[in-house]
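Reviewing the structure listed below.
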Ligand SMILES: NC(=O)C1=CN([C@@H]2O[C@H](COP(=O)(O)OP(=O)(O)OC[C@H]3O[C@@H](n4cnc5c(N)ncnc54)[C@H](OP(=O)(O)O)[C@@H]3O)[C@@H](O)[C@H]2O)C=CC1
Ligand SMILES: Nc1c(N[C@@H]2O[C@H](COP(=O)(O)O)[C@@H](O)[C@H]2O)[nH]c(=O)[nH]c1=O
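Residue numbers (the numbering used here): 6 to 233.
Shown next, in the form of structure tokens:
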């Protein structure tokens with residue numbers, strides 16, 4: 006396989022495994038303290054990736070919020086914000102989404118090669134569009150990011166994208182926060198979908214850290230991949 010970035014998956018879920026409810030508003034599973042921890046994790050990465058489902062559902066900005074963290078990045082010669090990355094095989098992304106309209110750092114959209122030109126036309130000036138094959142391949146996405154100098158990639162959901170990285174064996178680390186409540190609605194999105202996971206009972210992940218954050222708990226796992 007080509008060189009690829011270190012891939013860190015980050016997610017907050019309810020005790021019954023949901024990452025949102027079924028209402029149109031975003032469900033906050035994290036507490037303010039946990040959102041601040043997530044901001045620090047962002048600040049330690051080069052790029053942040055979410056699936057197009059999350060762009061459509063949450064309209065996220067994906068910026069670093071803390072002025073002090075932005076300044077520290079600048080002192081280290083890094084851009085204040087991360088390169089933003091999304092995956093859309095269908096091309097269904099709104100050019101006016103905050104993903105595209107906020108922040109000064111590069112925005113990259115990986116899509117099916119056959120759709121890349123049309124999507125580049127729609128997103129002209131707002132993002133660079135890259136064809137990742139027909140059908141598109143995550144390995145190609147990661148190799149292209151590595152070629153752009155991305156060494157540490159944060160994947161912030163949603164469930165379909167987390168499942169894709171995990172089942173492909175392309176996740177090195179998983180940071181899961183468990184919120185102290187249930188969602189209990191089968192129409193809500195889950196952290197992981199069904200699939201064949203290499204992190205199976207005879208090849209488990211290593212539990213690297215357990216940290217209490219008020220009534221939430223952070224579980225940090227390393228997969229059998231890199232141990233950085
Ligand atoms: N609690 C938390 O920490 C978080 C919660 N969320 C929640 O997750 C939900 C969205 O999750 P979900 O609907 O699963 O969407 P995702 O964000 O996982 O995006 C899925 C989309 O990504 C594109 N895609 C490209 N490549 C792949 C691939 N290899 N595998 C899967 N998808 C790919 C497709 O876009 P296309 O259809 O355009 O082809 C697909 O429909 C929202 O409700 C959001 O609030 C999201 C992030 C974090
Ligand atoms: N709801 C939820 C998360 N949601 C994630 O945060 C993104 C919003 O980013 P921003 O617009 O920059 O604030 C959203 O798109 C999704 O990736 N994350 C968490 O750590 N905990 C949470 O409870």
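Here a beta-carbon is modelled for each residue, glycine too, at the ideal position from N, C-alpha and C.
Any non-hydrogen atom of ligand 1 closer than 7 Å to residue i Cβ
i	result
residue 161	yes
residue 95	yes
residue 24	yes
Short Cβ contact (8 Å threshold) for residue i with residue j
i	j	result
residue 160	residue 12	yes
residue 66	residue 107	yes
residue 25	residue 169	no
residue 57	residue 91	yes
residue 218	residue 38	yes
residue 14	residue 173	no
Residue from the options with nearest C-alpha to residue i
i	options	result
residue 109	102, 115, 118, 85	85
residue 27	228, 16, 190, 214	190
residue 40	69, 179, 124, 147	69
residue 186	229, 33, 51, 72	33
residue 222	52, 181, 210	181
residue 31	140, 62, 105	62
residue 179	51, 93, 100, 214	214
residue 78	93, 99, 48	48
residue 125	71, 55, 96, 51	96
Distance between residue j and residue i (C-alpha atoms, nearest Å)
i	j	result
residue 202	residue 164	14 Å
residue 205	residue 80	42 Å
residue 156	residue 9	7 Å
residue 43	residue 142	27 Å
residue 152	residue 146	10 Å
residue 212	residue 87	27 Å
residue 111	residue 229	31 Å
residue 226	residue 209	10 Å
residue 64	residue 22	22 Å
residue 183	residue 197	14 Å
residue 134	residue 171	24 Å
residue 224	residue 188	20 Å
residue 76	residue 200	41 Å
Residue i: CB within 7 Å of a non-hydrogen atom of ligand 2
i	result
residue 17	yes
residue 63	yes
residue 43	yes
residue 31	yes
8 Å contact criterion, which residue i and residue j should meet: CB distance rounded
i	j	result
residue 136	residue 123	Contact doesn't hold; Cβ gap of about 11 Å is too wide.
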